[in-house]
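Asker: Below: one structure in structure tokens.
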Amino acid sequence: MGGGHHHDQAHHPPDLSPDRPEAARDRSSEVARRLRVSLKSAYRWHQLWRDGGVEALASCGPSGSLCRLSPRSLEKLAAYLEQGPAAHGWVEDQVWTAARVATLIRRKFHVSYSVWGATRLMHRLGFSPLVPTRRVAERDEQAVTAWKEATWAEAKEPGRPAGVTSASRTKPDSPGSRPEDEPGAGAGARRS
Numbered sequence: 024m025g026g027g028h029h030h031d032q033a034h035h036p037p038d039l040s041p042d043r044p045e046a047a048r049d050r051s052s053e054v055a056r057r058l059r060v061s062l063k064s065a066y067r068w069h070q071l072w073r074d075g076g077v078e079a080l081a082s083c084g085p086s087g088s089l090c091r092l093s094p095r096s097l098e099k100l101a102a103y104l105e106q107g108p109a110a111h112g113w114v115e116d117q118v119w120t121a122a123r124v125a126t127l128i129r130r131k132f133h134v135s136y137s138v139w140g141a142t143r144l145m146h147r148l149g150f151s152p153l154v155p156t157r158r159v160a161e162r163d164e165q166a167v168t169a170w171k172e173a174t175w176a177e178a179k180e181p182g183r184p185a186g187v188t189s190a191s192r193t194k195p196d197s198p199g200s201r202p203e204d205e206p207g208a209g210a211g212a213r214r215s
């Protein structure tokens, strides 16, 4: 007969009457599942709806702190960024980093932004902060090549022959595994 439904057993949805204490939990879990949100969010929305109706569920806008620059200041900042870093004293390269933008905002608008805040502001304005490659302007390519060759040659040099040492730091190589002409060969009898 199996574990399936019988034709005489009708499938009824759970009782969602408000009189049942579990009704809110059942509805919230269903809402959370369907909308793919946490159960906590669904409970919070249910509480808001119960206390203030549908109007209480209206969005309050984006979360997070408010922008500390006015719309006019944001326009000016975008124009400064368009001018490039050299126009504002960074002549090493033409890269706007988030740290440079935070400094620019502090200089021009007397407002302090963290590097992360400057990054978010740049994205909002349609810019991407870049991380400059650290390369010395007076780099001696010949010295760099010579150093690489010497270091690589040293790294490629063979180490001690296999079998002379153990790979374990705590268990030394057993004397029985050493070649007979190696020091310590046959020095110890095997334990049984």
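Under the numbering used here, read the sequence shown as residues 24 to 215, first letter to last.
Just so it is clear, CB atoms sit at the ideal spot from N, CA and C, and this is done for glycine as well.
(1) May I have the straight-line CA-CA distance separating T120 from L153, to the nearest angstrom?
(2) State the DSSP-derived secondary structure class of Y103, mapped to helix, strand or coil.
(3) According to DSSP, is D163 part of a helix, a strand, or is it coil?
(4) Once you ignore the five residues that flank R123 on each side, which residues in its own chain have a CB closer than 7 Å to its CB?
(5) Use the C-beta contact count for T142: other C-beta atoms within 10 angstroms, 16 or more gives buried, fewer gives exposed.
(6) Please state the DSSP three-state secondary structure of F150.
(7) One question on the structure: do G149 and A101 come within less than 9 Å of each other, judged by their Cβ atoms?
(8) Can you tell me which of the three DSSP states P125 falls into?
(9) Taking its Cβ as the centre, do 16 or more other Cβ atoms sit within 10 Å of S51, making it buried, or is it exposed?
(10) Can you tell me where the alpha helix (DSSP H) with W113 in it begins and where it stops?
(11) Could you tell me if A65 is buried or exposed, where buried requires 16 or more neighbouring beta carbons within 10 angstroms of its beta carbon?
(12) Give the range of the alpha helix (DSSP H) segment to which W72 is assigned.
(13) Taking the beta carbon of S79 as the centre, do at least 16 other beta carbons fall within 10 Å, making it buried, or is it exposed?
(14) So, for W139: in the same chain, excluding its five sequence neighbours on each side, which residues have a beta-carbon less than 8 Å away from its beta-carbon?
(15) With 16 other CB atoms within 10 Å as the buried threshold, where does L62 fall?
(16) Pull up the distance between the alpha-carbon of H69 and that of S137, whole angstroms please.
(17) Quick check on DSSP: helix, strand or coil for T168?
(18) Is S96 helix, strand or coil when you go by DSSP?
(19) Give me, in chain order, the residues of the same chain whose beta-carbon lies closer than 8 Å to that of L92; leave out the 5 immediate sequence neighbours on both sides.
Answerer: According to the structure data:
(1) Sequence index remark: in the sequence shown, residue 120 carries index 97 (1-based). Sequence index remark: in the sequence shown, residue 153 carries index 130 (1-based). C-alpha separation (whole angstroms): 5 Å.
(2) Here residue 103 is taken as the residue at index 80 of the sequence shown, counted from 1. Three-state DSSP puts Y103 in a helix.
(3) Taking the sequence shown and counting its residues from 1, the one referred to as residue 163 is at position 140. The answer is coil: DSSP assigns D163 none of H, G, I, E or B.
(4) For this step, residue 123 is matched to residue 100 along the sequence shown. P108, W113.
(5) As a working note, residue 142 is residue 119 in the sequence shown. When all chains shown are included, T142 counts as buried.
(6) If you number the sequence shown from 1, residue 150 lands on position 127. In the structure shown, F150 sits in coil (DSSP, three-state: anything other than H, G, I, E or B).
(7) If you number the sequence shown from 1, residue 149 lands on position 126. If you number the sequence shown from 1, residue 101 lands on position 78. Yes, these two residues count as a Cβ contact at 9 Å.
(8) As a working mapping, residue 125 is identified with position 102 in the sequence shown. Strictly speaking, residue 125 in this sequence is Ala, with Pro absent from that position. Residue state, collapsed to three classes: helix.
(9) Taking the first residue of the sequence shown as position 1, residue 51 is located at position 28. Answer is buried; the Cβ neighbour count reaches 16.
(10) If you number the sequence shown from 1, residue 113 lands on position 90. Unbroken run through W113: none, as it is neither H nor E.
(11) Counting from 1 along the sequence shown, the entry for residue 65 is found at position 42. Flag for A65 reads buried.
(12) Locating residue 72 in the sequence shown gives position 49, where the first residue counts as 1. Taken as a continuous stretch (DSSP letters only), the alpha helix (DSSP H) holding W72 covers 62 to 75.
(13) Numbered from its first residue, the sequence shown carries residue 79 at position 56. The identity of residue 79 in the sequence shown is Ala, whereas the question assumes Ser. Exposed, since its Cβ has fewer than 16 Cβ neighbours within 10 Å.
(14) Stepping through the sequence shown from its first residue, residue 139 is reached at position 116. Excluding positions up to five away in sequence, the list reads A121.
(15) Position 39 of the sequence shown, counted from the first residue, corresponds to residue 62. L62 is exposed by the Cβ-count criterion.
(16) Working through the sequence shown from its first residue, we reach residue 69 at position 46. Working through the sequence shown from its first residue, we reach residue 137 at position 114. The straight-line gap from Cα to Cα measures roughly 37 Å.
(17) Start at 1 with the first residue of the sequence shown, and residue 168 comes out as number 145. Three-state DSSP puts T168 in a helix.
(18) The residue given as residue 96 occupies position 73 in the sequence shown. It is helical.
(19) Counting from one through the sequence shown, the residue named residue 92 turns up at place 69. Once the five neighbours on either side are set aside, the close Cβ partners of L92 are L100, I128, F132, V134, L144.
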